[in-house]
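Participant: This structure is in C-alpha cells; I'll ask about it shortly.
Protein chains: 2
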Amino acid sequence: MTRVSSFPKGRVAFFVTGNIHKFKEARHVLAEYKVATALLRVKASEIQDDDIENIAKASVRDAVERCRLPIFVEDAGLFIDALNGFPGPYSSYVYRTIGTKGILKLMKEVEKRDAYFHSVIAFCSPKESLRCFHGKVKGKISQEERGNSGFGFDPIFKPSDSPNRTFAEMTTEEKNKFSHRAQALRKFAEWYTSTF
Amino acid sequence: MTRVSSFPKGRVAFFVTGNIHKFKEARHVLAEYKVATALLRVKASEIQDDDIENIAKASVRDAVERCRLPIFVEDAGLFIDALNGFPGPYSSYVYRTIGTKGILKLMKEVEKRDAYFHSVIAFCSPKESLRCFHGKVKGKISQEERGNSGFGFDPIFKPSDSPNRTFAEMTTEEKNKFSHRAQALRKFAEWYTSTF
C-alpha cells in the first residue's frame, strides 16, 4: 500500500513504516519543508541491537534491497535512566506487553525519573550511501498516565521544555515543537531538500 | 574461537552462541548421545520478532552463510502469562536492564504467576534444509530470588515438576531433567544421531 500526503508539487520522500502515528508526525514536519511523505508498507526486517542506529541502518538497507527506491525508516526508543535504559530499542514490544502501567509499576517509589526519547532516521537509496539523522528529547517519567493524543509511552513522558504536560496532552503540532522524532525529521528534511 | 568439549571419538555438533551457560547445558545433554559440542563464536545477527522460532531460523541462516558449516543455534525466552508473554523474545535484554528484581516488582501482588520457558533449536548446514526442535517447561514465578546456579531468570522460575525449587537451586544435571533447553536438545540429538 502506498499513501501519499497531499502536497501538490515538489519533492516526495518514501517512509517505510507500519506505524500510522509516525507517518502522521512525519507528514506534518516534512510539509514545513514542502516535502510530501509517501507511506510505504514494506516488510523490512528489524535486528536486535542495543543501539537503535544499528537497527535503523539494517532496516533501511533491507527495505531498499526489496523495493529499489530511495527510502527512509525511523527507529525510536524511550530510555529510562533508573532502569538502565529500559525499554530502549524494544519500546514497541514492551508497550504491547506490560504497557505504560508496567513502566509506572517499575518506577513506583523511584525518585530519579529522568528519561529521554531518542529517534534515528536512516535514509538510503539504490544510488546514495546510507545517512542517519538523530533527535533526542530529555524529560521525566510522570507519576501517572495523562492525555490521550500521540501513541506509545507519550502519556507518561513530560519533556523538560514543557514539564507540566505529557506528550499525550499535546496536539501533533505541539509535540512536534519538542519531540525527538521531529528533530530528526527536520535534520533529514534540511539535508534532503538541499540534495535532491 | 572454537572450544570443543572433550569427547574422544564420534560426532561433533557446532553450536553458535555467545552464552557460555547455554554451551555448558548443551555439552551435558549432547554427551548423553555421544555427540561432542563445539562452541563457535560467530557474530550471527538476531532479528526482532515475537516468535522465537523466526529469530532462531534467521540466526542460523546468517551463521551458515558466514561460516559454511553445519550449525545449530538456540533461542529461548521466559513467557509470563500475567504480563502478556513479557519478557519473551527479549529476555536477555530485559535481564541486562531491569533484571530479576524488575520482573519481581512487575509481579508484586499478582496472584496468577504462571509462566513458561520456551527454547527453539534451529539446525542448518550448507547442504541440509533448516530444521527446528522445540522444548517448553511450565512453572511459576517465585515470590523472591532463590539459588545461584544457572543464569538469567533461573532464580525466579520454579518448574511445575519440581515446584519447591527454582532452576537456580539445581545443578546443571538436575535442571537438564526438566528444562526447555534440554528437551529441545534431546529432540535435536535424536534426529542428529539418526541422520549423520
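Chains as they are written, first to last, in our numbering: chain A, 1 to 196; chain B, 197 to 392. Beta carbons: idealized from backbone N, C-alpha and C, even for Gly. Quantities reported herein were computed from a predicted structural model and do not represent experimental measurements.
1) Round the Cβ separation of E249 (chain B) and V316 (chain B) to the nearest angstrom and send it over; I've been treating them as touching at under 8 Å.
2) Provide the residue(s) that pair with K334 (chain B) in DSSP beta bridges, ordered along the chain.
3) Quick one: list the residues of chain B neighbouring N84 (chain A), beta-carbon separation under 8 Å, in chain order.
4) Taking the alpha carbon of T391 (chain B) as the point to measure from, which residue in B:I216, B:R327 and B:D350 has its own alpha carbon closest?
5) In the DSSP assignment, find the alpha helix (DSSP H) that holds R66 (chain A) and state where it starts and stops.
6) Drop a sphere of 10 angstroms on the beta-carbon of M1 (chain A), count the other beta-carbons inside from all chains shown, and report buried for 16 or more, exposed for fewer.
7) K383 (chain B) bridges to which residues according to DSSP?
8) Please work out which residues of its chain come closer than 7 Å, Cβ to Cβ, to V110 (chain A), disregarding the five sequence neighbours upstream and downstream, and give them in chain order.
9) Listed in chain order, which residues of the region 41–52 of chain A have Cβ atoms closer than 9 Å to some Cβ of chain B?
10) Please report the distance separating the alpha-carbon of P204 (chain B) from that of E228 (chain B).
11) Run down chain B in chain order and give the residues with a C-beta less than 8 Å from the C-beta of G102 (chain A).
12) Please compile the residues from chain B whose C-beta is within a distance smaller than 7 Å of the C-beta of Y90 (chain A).
13) For chain B, is any of its Cβ atoms less than 7 Å away from the one on F7 (chain A)?
14) I need the straight-line Cα distance from L274 (chain B) to M107 (chain A), nearest angstrom please.
15) With 7 Å set as the bound, which would you pick, yes or no: does the beta-carbon of H376 (chain B) sit closer than that to a beta-carbon of chain C?
16) So if DSSP puts R131 (chain A) in a beta bridge, which residue, or which two residues, is it bridged to?
17) Per DSSP, what are the beta-bridge partners of R269 (chain B) in this structure?
18) Would you check if the region 89–103 of chain A and the region 21–37 of chain A touch, i.e. whether three or more CB-CB distances between them fall below 8 Å?
19) Determine the DSSP secondary structure at R292 (chain B), reduced to helix, strand or coil.
20) Can you tell me whether DSSP reads V110 (chain A) as helix, strand or coil?
21) Just how far apart, CA to CA, sit K127 (chain A) and R361 (chain B)?
22) Go ahead and label E386 (chain B) buried or exposed: buried means 16 or more other beta carbons lie within 10 angstroms of its beta carbon, across all protein chains shown.
23) Do V256 (chain B) and A318 (chain B) have their C-beta atoms within less than 7 Å of each other?
24) Tell me whether T367 (chain B) is buried or exposed, calling it buried when 16 or more other Cβ atoms sit within 10 Å of its Cβ.
25) Closer than 6 Å by C-beta to A378 (chain B): which residues in its own chain qualify, once you throw out the five before and the five after it? Chain order, please.
26) Provide the residue(s) that pair with F353 (chain B) in DSSP beta bridges, ordered along the chain.
27) Do you know how far the Cα of F363 (chain B) is from the Cα of N344 (chain B)?
28) Nearest to K41 (chain A) by CA position, among A:D49, A:I71 and A:D51, is which residue?
29) From the DSSP secondary-structure annotation, give me the bridge partner or partners of L300 (chain B).
30) Give the DSSP-derived three-state secondary structure of R27 (chain A) in the structure shown.
31) Measure the alpha-carbon distance for L265 (chain B) versus A259 (chain B) and round it to whole angstroms.
Facilitator: Based on what the coordinates show:
1) Indeed they touch by this definition, with Cβ atoms about 5 Å apart.
2) Answer is B:Y312, bridged to K334 (chain B).
3) R292, T293 and I294
4) B:R327
5) Where R66 (chain A) is concerned, the enclosing alpha helix (DSSP H) stretches over I52 to C67.
6) For M1 (chain A), the predicted structure reports a pLDDT of 47, less than 50, and the residue's modelled location is therefore unreliable. A value from the coordinates is still provided. M1 (chain A) comes out exposed.
7) Answer is none; K383 (chain B) lacks a bridge partner.
8) A distance below 7 Å between beta-carbons, with the five flanking residues on each side excluded, links V110 (chain A) to the following residues of its chain, in chain order: A82.
9) Contact residues of the region 41–52 of chain A toward chain B are S45, E46, I47, Q48, D49 and D50 (C-beta to C-beta distance below 9 Å).
10) The predicted model places P204 (chain B) with a pLDDT of 44, which falls under 50 and marks its position as unreliable; any figure quoted below should be read in that light. Roughly 14 Å separates the two Cα atoms.
11) L279, F282 and L302
12) Y286 and Y289
13) Reliability of the predicted coordinates at F7 (chain A) is poor, the pLDDT of 48 falling under 50, and the value obtained from them is presented with this limitation in mind. Chain B places no beta carbon closer than 7 Å to that of F7 (chain A), leaving this residue out of the contacts.
14) 22 Å
15) Absence of chain C from the displayed structure is noted, the protein chains being A and B.
16) A:F123
17) The residue you asked about is not Arg; residue 269 (chain B) is Val in the sequence shown. Checking the DSSP bridge columns, you'll see V269 (chain B) partnered with B:A318.
18) no
19) helix
20) coil
21) K127 (chain A) and R361 (chain B) have their C-alpha atoms roughly 59 Å apart.
22) exposed
23) Taking C-beta atoms as the reference points, V256 (chain B) and A318 (chain B) count as a pair closer than 7 Å.
24) exposed
25) V225 and N372
26) B:I337
27) 9 Å
28) One point to set straight first is that residue 41 (chain A) is Arg, not Lys, in the sequence displayed. Of the listed residues, the one whose Cα sits closest to R41 (chain A) is A:I71.
29) According to DSSP, L300 (chain B) bridges with nothing at all.
30) Correct three-state label for R27 (chain A): helix.
31) 9 Å
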